[in-house]
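Visitor: At position 50 of the sequence shown the residue is numbered 148 (my numbering), and the sequence of numbers has no breaks.
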Amino acid sequence: MKFLNKRKLVKQSAENLYSFAVSQGRTPWFYAECGVTDDVNGRFEMIAMHVFLLLQRIKQSDIADSKLGQALFDVMFRDMDQSLREMGAGDLGVGKRVKAMAKSFYGRVAAYEAALDDPSVLAEVVIKNVYGGDRDYIENAKDLADYINLQAAHLKNLSKSDLLSGQMVFKVIV
Numbered sequence: 099m100k101f102l103n104k105r106k107l108v109k110q111s112a113e114n115l116y117s118f119a120v121s122q123g124r125t126p127w128f129y130a131e132c133g134v135t136d137d138v139n140g141r142f143e144m145i146a147m148h149v150f151l152l153l154q155r156i157k158q159s160d161i162a163d164s165k166l167g168q169a170l171f172d173v174m175f176r177d178m179d180q181s182l183r184e185m186g187a188g189d190l191g192v193g194k195r196v197k198a199m200a201k202s203f204y205g206r207v208a209a210y211e212a213a214l215d216d217p218s219v220l221a222e223v224v225i226k227n228v229y230g231g232d233r234d235y236i237e238n239a240k241d242l243a244d245y246i247n248l249q250a251a252h253l254k255n256l257s258k259s260d261l262l263s264g265q266m267v268f269k270v271i272v
C-alpha cells in the first residue's frame, strides 16, 4: 500500500510540475519581448526549457529521484502526443513525431546542461534551439540565457517540499 501511495505522489508531483512548466512557458513576455514565435515550435521550446530547469532541480542531491524525473518526462510526452492528435495528426504519424520530439528534447537538455554555467555559451544554445540560428536574435537569446540562469538559481533555493507541494515553483516575470 505504501508503494502505491508513493507512486501516486510521484505521478501527482510530476503532473503539477509539468503544469507549472506549461504555464510559465506560455508567459507573454517570451513571445512579446523575447521574439519567441508564438506557434507550436516556439511553445515547445519554452515548455522544453522549463522542463529542463525542473529536471536539473530534481537531479540535485536532496531530491535525486529518477522516478520523479521519468514521470515528468512521461507527462510531458503524453501531453505532446495528445496535442498532436488534437491538431489533427493521424495515428500513424503521431508516434514518429513524438519520437522525434523526444530526441529533440534530449538534445536540448544535453546542450542546456553543458552551457548552464557559461552565459555566452548558453546564449548560443538558445540562438540555435529557440531562434533557429538566426543571429538577429542575439540580444533576445542573451535575455533568455539570463532568464534560464535566474530560474535555475531560484529553483536551487527551493526546498524539496516547496518544489513538490503543488505551489508555483518558477520565479514570476512581468
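All residues carry an ideal CB built from backbone N, CA and C; glycine is no exception.
(1) If we ignore side chains and look at the alpha-carbon of each, how far apart do phenylalanine 105 and phenylalanine 150 end up?
(2) With distances taken between CB atoms, is the gap from valine 228 to alanine 212 smaller than 8 angstroms?
(3) Mind pulling the alpha helix (DSSP H) runs of 4 or more residues that sit fully within the stretch 204-242?
(4) Report yes or no: do the stretch 214-229 and the stretch 239-257 share at least 3 C-beta pairs separated by less than 8 angstroms?
(5) For methionine 99 and valine 108, what's the separation of their Cα atoms in angstroms?
(6) Nearest to leucine 153 by alpha carbon, out of Gly140, Met147, Gly167 and Ala146?
(7) Rounded to the nearest angstrom, what separates serine 257 and phenylalanine 171 at their Cα positions?
(8) Taking methionine 178 as the reference, which of Met199, Phe128 and His148 has the closest Cα?
(9) From Gln110, Arg141, Ala112 and Thr135, pick the residue whose C-alpha is nearest to that of glutamine 122; which is it?
(10) Can you tell me the Cα-Cα spacing of valine 192 and asparagine 139, whole angstroms?
(11) Put methionine 144 into one of helix, strand or coil per three-state DSSP.
(12) Rounded to the nearest angstrom, what separates aspartate 232 and histidine 252 at their Cα positions?
Guide: From the atom records:
(1) Reading off the sequence, residue 105 comes out as arginine, not phenylalanine. Distance between the alpha carbons of arginine 105 and phenylalanine 150 is about 22 angstroms.
(2) no
(3) Complete alpha helix (DSSP H) runs here, min 4: 217-228.
(4) yes
(5) Reliability fails at methionine 99, whose pLDDT of 46 lies under 50, so the model's placement of it is uncertain and no value is given.
(6) Ranked by Cα distance from leucine 153, the first of Gly140, Met147, Gly167 and Ala146 is Gly167.
(7) 21 angstroms
(8) Met199
(9) For glutamine 122, the nearest C-alpha among the options comes from Arg141.
(10) Whole-angstrom Cα-Cα distance: 16 angstroms.
(11) In the three-state reduction of the DSSP assignment, methionine 144 falls in the helix class, which pools H, G and I.
(12) 29 angstroms
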